[in-house]
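Contents: one structure, followed by commentary.
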Amino acid sequence: MNILIALLPAIGWGIQPLILKKIGGRPTNEILGTGIGTLLVGLIVYFFFSDQSLSFGTFMIALASGAFWVIGQTGQFTAFNLLGVSRTMPISTGLQLIGTSLIGVFAFGEWAGTTSRIIGFGAIVLVVIGAALTAVTEGADSRGGTMKGLLVLLGTSVGYWVYSALPKLVDASGDAIFFPQMLGIFIAAAIYVILKQPTAFASDKSWKAVIVGVIFSISAFAYIFSAQANGVATAYVITQLNVVISTLGGMFILKEEKTPKEFRFTLIGLALIVVGSVITTFL
1 MNILIALLPA IGWGIQPLIL KKIGGRPTNE ILGTGIGTLL VGLIVYFFFS
51 DQSLSFGTFM IALASGAFWV IGQTGQFTAF NLLGVSRTMP ISTGLQLIGT
101 SLIGVFAFGE WAGTTSRIIG FGAIVLVVIG AALTAVTEGA DSRGGTMKGL
151 LVLLGTSVGY WVYSALPKLV DASGDAIFFP QMLGIFIAAA IYVILKQPTA
201 FASDKSWKAV IVGVIFSISA FAYIFSAQAN GVATAYVITQ LNVVISTLGG
251 MFILKEEKTP KEFRFTLIGL ALIVVGSVIT TFL
């Protein structure tokens, strides 16, 4: 049963981009629908499952954490259109792991000891190589789009880093800060859409994308229970299957074209990202 709980985030986060691309729409539609979906699940958790006694400071830090997630997610949604799901997901996952690991080491004193740091930085090198391999493209036109997508992901992944780092500043459980995080996602998503494309509120694609937000937030909530039941290391390792699901799904379900060389490099890169992720978990 515990393993089934652990598989929920992996499956949910893996199929999330596939459903999103099947729905279609612009990044504004996608982030608005996602924001609404996360708020709905956040409210249910708040009233039925979570500890509602949070200090104002803790609440606001969790709220800010969710808002920063929107920065990373809008970058990822934009990159889907430039790179496709099968290229975006492994690169985005690699950037998230690199950033959060380095913040953990230098800001929170993780990977204590010389040996742990050597192994940890070696794992990061594997992730970097893996992400680079998944980005390999053939053809000048493809390279132009790849560079734009990489720049978008590089500039916005800081949102994911802050989203992961801020909860470490507070002494509260994951289920306790879940609602303010989801509320932060909704508020930031709504502000982004109002500034960027207010007409997205009336688009049917935005409302169809609500299902993506529901899937994301249910997966995030399931991860909290998985970490409690299986341990953080095991729970995190299993969630890394999400990048495998989304990448292969992009190629075989969304029919994103790759040359034989690109396909081979993607599989090798994917394996390196997963191995690097697993290594960092046990340090």
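The end of the sequence shown is residue 283 by the UniProt record's numbering, with every number in the run present.
For each residue, glycine too, the CB sits at the ideal point set by N, CA and C.
key: Contact check, THR88 vs GLN76, beta carbons under 8 Å   = yes
ask   = Between the C-alpha atoms of THR199 and THR114, what's the straight-line distance to the nearest angstrom?
value = 54 Å
Close-in-space but distant-in-sequence residues of the same chain around ILE187 (CB under 7 Å, 5 per side omitted) = ALA67
task = Look at the alpha carbon of THR146 and the alpha carbon of PHE56, and state the distance between them as a whole number of angstroms.
result = 43 Å
key: DSSP three-state assignment for VAL85, whether helix, strand or coil   = helix
task = With DSSP collapsed to three states, give me the class of GLY231.
result = coil
query = Do you know how far the Cα of ASP175 is from the Cα of PRO260?
reply = 44 Å
query = Whose CA, out of ILE36, LEU166, LEU102 and VAL244, lies closest to the CA of MET182?
reply = ILE36
message = Could you tell me the alpha carbon to alpha carbon distance between SER203 and ASN29, rounded to whole angstroms?
response = 7 Å
request  = Indicate the three-state DSSP secondary structure (helix, strand or coil) for VAL136 in the structure shown.
outcome  = coil
Cβ pair count under 8 Å reaching 3, the segment 38-48 against the segment 117-124 = no
ask   = Do the segment 223-236 and the segment 164-180 meet, that is, are 3 or more Cβ pairs less than 8 Å apart?
value = yes
ask   = Is the beta carbon of TRP161 less than 8 Å from the beta carbon of THR100?
value = yes
ask   = Taking the alpha-carbon positions, what's the VAL212 to LEU18 distance?
value = 10 Å
query = Rounded to whole angstroms, how far is the Cβ of SER219 from the Cβ of VAL127, which I believe are closer than 8 Å?
reply = About 22 Å; that fails the 8 Å criterion.
query = Where does LYS21 land, buried or exposed, given buried means 16+ other C-beta within 10 angstroms?
reply = buried
Of the listed residues THR234, LEU267, MET1 and ILE215, nearest to ILE279 (C-alpha basis) = THR234
ask   = If we call anything under 8 Å between Cβ atoms a contact, is SER50 one with PHE216?
value = no
query = Count the other CB atoms within 10 Å of the CB of ILE194; is the residue buried (16 or more) or exposed (fewer)?
reply = exposed
Cutoff 7 Å; reference GLY33; Cβ partners in own chain excluding five residues on either side = SER206, TRP207, LYS208, ALA209, VAL210, VAL212 and GLY213
query = Taking the continuous alpha helix (DSSP H) assigned at LEU169, which residues delimit it?
reply = No alpha helix (DSSP H) holds LEU169; DSSP gives it neither H nor E.
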